[in-house]
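Colleague: Please see the structure below; I have some questions.
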Amino acid sequence: MKILIMKVNLRASWVHSLKEKRMVVKSIISKLQNKFNIFVCEVENQDLHQRITIGISKVDLSYSQCDSSIEYIVRYIEENTDAEIIDIEDEIINY
252 MKILIMKVNL RASWVHSLKE KRMVVKSIIS KLQNKFNIFV CEVENQDLHQ
302 RITIGISKVD LSYSQCDSSI EYIVRYIEEN TDAEIIDIED EIINY
């Protein structure tokens with residue numbers, strides 16, 4: 252069993268309030284959870300209105316499935332939000 256852990260940093264330059272940011276974050280999180288059956292939450296930068304940091308975790312059977320999941324998740328974020336991906340950290344843990 253392999254555990255995929257990701258941290259994705261996004262910049263939403265058009266967002267001007269925390270209320271606006273919450274709407275964007277909720278949308279991203281629900282879309283990802285529905286599409287990939289993964290655990291997603293905002294993990295950092297809650298007080299910065301133009302920065303979004305989401306944590307993602309998923310369990311797969313192999314490293315190749317985890318690598319594929321990373322690619323699909325990143326592509327999905329790029330295609331389904333106007334936010335710019337600044338940085339991606341990922342780790343695959345063997346359990």
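Heads up: take any position in the sequence shown, counting from 1, add 251, and you land on the numbering used here.
Cβ coordinates follow ideal geometry from the N, Cα and C atoms, glycine included.
For clarity, every value in this text was computed on a predicted model and none was experimentally measured.
(1) Between Gly306 and the rest of its own chain, which residues show a CB-CB distance below 6 Å, the 5 nearest in sequence each way excluded?
(2) Looking at Ile289 and Ser320, is the spacing between their C-beta atoms short of 9 Å?
(3) According to DSSP, simplified to helix, strand and coil, what is Asp311?
(4) Would you list the one or two residues that DSSP bridges to Thr304?
(5) Of the residues Glu342, Ile344, Ser268, which one's Cα is nearest the Cα of Ile303?
(6) Candidates Tyr323, Asn345, Ile254: which alpha carbon is nearest Phe287's?
Modeller: Let's see:
(1) Lys258, Cys292, Val294
(2) yes
(3) strand
(4) Asn260, Glu295
(5) Ser268
(6) Tyr323
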